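Numbering (the numbering used here), first residue to last: 4 to 432.
In this text, a Cβ means the ideal position worked out from N, Cα and C, and glycines have one as well.
Keep in mind the model is a prediction, meaning the values are calculated, not measured.
Before any comments, here is the structure.
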């Protein structure tokens, strides 16, 4: 089904099924604009639709003219069993020096993308994604889920699939959503949530990821051109991510030229995977003005932090975080050096200090689900909440710079407290 160069359309209550040929070539539902007059169709609403058996479940696209749609909304929709992706928006590649986006004001609510397996015969691009947001200025994703995608992606593909991610986009907010058991057949990606190349002024907040092959949450920039800037990752939960590709850990910042990024009040729970020992937090060289504050990192038999040599406090600053190793050595690796205590790391590198005083903690957060909670469903998230007040008020609670997307005061579950110095994604129960 195609909506071509047209707005003011409502699509409701359809079940779309594709045959083998459709699975190779076509989206199940395709919104496409290639008008050359600069007109942007608006007001396309998709509700209660189920799409399976196509190359892409639902696609919103634009031609090389670069003018797509405005005000597309997708609600209560299931996208599954599609080869390349459940949902995809796309347009011409964005030039960070003169950014122009095909689409405006996209909304996805209660959209589930699952069992989109990927294509083992495609080696030059990613297949098996859940939800991909590209060439959009202004997108809101709420209560979406991406799970069990990417299992059949090509083993030698140069790019891999991700559960929910954005690229070539601005002002994207993904919140109250879940990504779990997403896979990759190759040696890259397989993450839960991502802000990929050329994403600006965007936020991942109050989401949960678990059991993904790659990181639970990541940011990445392909080129050092200033295209990745002013983004926030806050109040999320990651549990046992990096199962097959542990080198990037659970929460990853990598690529070239990441600017003005805030990573605040997240909870990361990570044990050693059979594939190896990835860190809770991975920081790669090529970033500047990155703040990592008031996060709770809980590990077993893996490093808490791994950072590249050459990262200075002017590039990335860590303050007010809690570092808890429940089994195995307490370890932070910074460049060629390894530290076995918070105090020695602080003294050597200048991290975990603020105005001359020490910040950061190694206290037991006494999590409700035990020292290392097992999160196997969204309903298990409460087990990552502290059962005591050990970390109450232990953060630094500095306001984010005004040019970054706001994190807000509510925790992952929506509760707020009088103190702004919360550590981790959840308030004590």
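Range covered by the beta strand (DSSP E) that runs through residue 336 = As a first step, residue 336 must be located in the chain shown, where it is residue number 333. First-last of the beta strand (DSSP E) with residue 336: 335-337.
Contact check, residue 188 vs residue 157, beta carbons under 7 Å | Within the chain shown, the letter at position 185 stands for residue 188. Within the chain shown, the letter at position 154 stands for residue 157. The answer is yes: Cβ separation under 7 Å.
Taking DSSP as the reference, what is the three-state secondary structure of residue 415?
-> Position 412 of the chain shown, counted from the first residue, corresponds to residue 415. Of the three classes helix, strand and coil, the one that applies to residue 415 here is coil, per DSSP.
Rounded to a whole number of angstroms, what is the C-alpha to C-alpha distance between residue 282 and residue 271?
-> To locate residue 282, count along the chain shown from 1; it is residue 279. To locate residue 271, count along the chain shown from 1; it is residue 268. So the two alpha carbons sit approximately 10 Å from each other.
By how many angstroms is the C-alpha of residue 17 removed from the C-alpha of residue 87?
-> Within the chain shown, the letter at position 84 stands for residue 87. Within the chain shown, the letter at position 14 stands for residue 17. Their backbone Cα atoms lie some 21 Å apart in a straight line.
Residues sharing a beta bridge with residue 196, DSSP = Your numbering for residue 196 matches position 193 in the chain shown. DSSP lists 167 and 220 as partners of residue 196.
Whether residue 256 touches residue 286 by CB criterion (7 Å) | Reading the chain shown from its first residue, position 253 is the one you call residue 256. Reading the chain shown from its first residue, position 283 is the one you call residue 286. A contact, by the Cβ cut-off of 7 Å.
Can you tell me where the beta strand (DSSP E) with residue 345 in it begins and where it stops?
-> Reading the chain shown from its first residue, position 342 is the one you call residue 345. Not the beta strand (DSSP E): residue 345 falls in the alpha helix (DSSP H), residues 345-352.
What's the gap between the Cα of residue 34 and the Cα of residue 366?
-> Stepping through the chain shown from its first residue, residue 34 is reached at position 31. Stepping through the chain shown from its first residue, residue 366 is reached at position 363. So the two alpha carbons sit approximately 52 Å from each other.
Would you check if the distance between the CB atom of residue 264 and the CB atom of residue 193 is smaller than 7 Å?
-> The count along the chain shown starts at 1 and reaches residue 264 at position 261. The count along the chain shown starts at 1 and reaches residue 193 at position 190. Against a cut-off of 7 Å, the Cβ pair of residue 193 and residue 264 comes out as no contact.
Do the segment 198-218 and the segment 374-389 make contact, defined as three or more Cβ pairs closer than 8 Å?
-> yes
Using CA coordinates, which residue listed in 292, 164, 106 and 372 is at the minimum distance from residue 74?
-> As a position in the chain shown, residue 74 is number 71, starting the count at 1. Nearest of 292, 164, 106 and 372 to residue 74, Cα basis: 106.
In the DSSP assignment, what are the bridge partners of residue 30?
-> The sequence position of residue 30 within the chain shown is 27, counting from 1. Residue 30 is bridged to 59.
In three-state DSSP terms, what is residue 386?
-> The residue labelled residue 386 in the question sits at position 383 within the chain shown. Helix.
Simplified DSSP assignment, three categories, for residue 251 = Residue mapping note: residue 251 aligns to position 248 of the chain shown, counting from 1. Residue state, collapsed to three classes: helix.
The beta strand (DSSP E) with residue 68 in it runs from where to where?
-> Here residue 68 corresponds to residue number 65 of the chain shown, with the count starting at 1. Looking at the DSSP string, residue 68 is not in any beta strand (DSSP E), and its letter there is neither H nor E.
Kindly indicate the opening and closing residues of the beta strand (DSSP E) around residue 113.
-> In the chain shown, residue 113 corresponds to position 110, counting from 1. Counting along the chain, the beta strand (DSSP E) containing residue 113 begins and ends at 106-117.
Are residue 322 and residue 296 touching if we call contact CB-CB under 7 Å?
-> Within the chain shown, the letter at position 319 stands for residue 322. Within the chain shown, the letter at position 293 stands for residue 296. Yes.
Is the beta carbon of residue 258 within less than 6 Å of some heavy atom of the ligand GDP?
-> The ligand GDP is not part of this structure, which contains no ligands at all.
Sheet register partners of residue 287 (DSSP bridge) = Mapped onto the chain shown, residue 287 falls at position 284. DSSP output for residue 287 lists no bridge partner at all.
Nearest to residue 413 by alpha carbon, out of 402, 430 and 404?
-> For the purposes of this step, residue 413 is taken as the residue at position 410 of the chain shown. Closest by alpha carbon: 430.
Should residue 290 go down as buried or exposed, given a rule of 16 or more other Cβ atoms within 10 Å for buried?
-> Position 287 of the chain shown holds residue 290. Classification of residue 290: buried, given that the 10 Å Cβ count is 16 or more.
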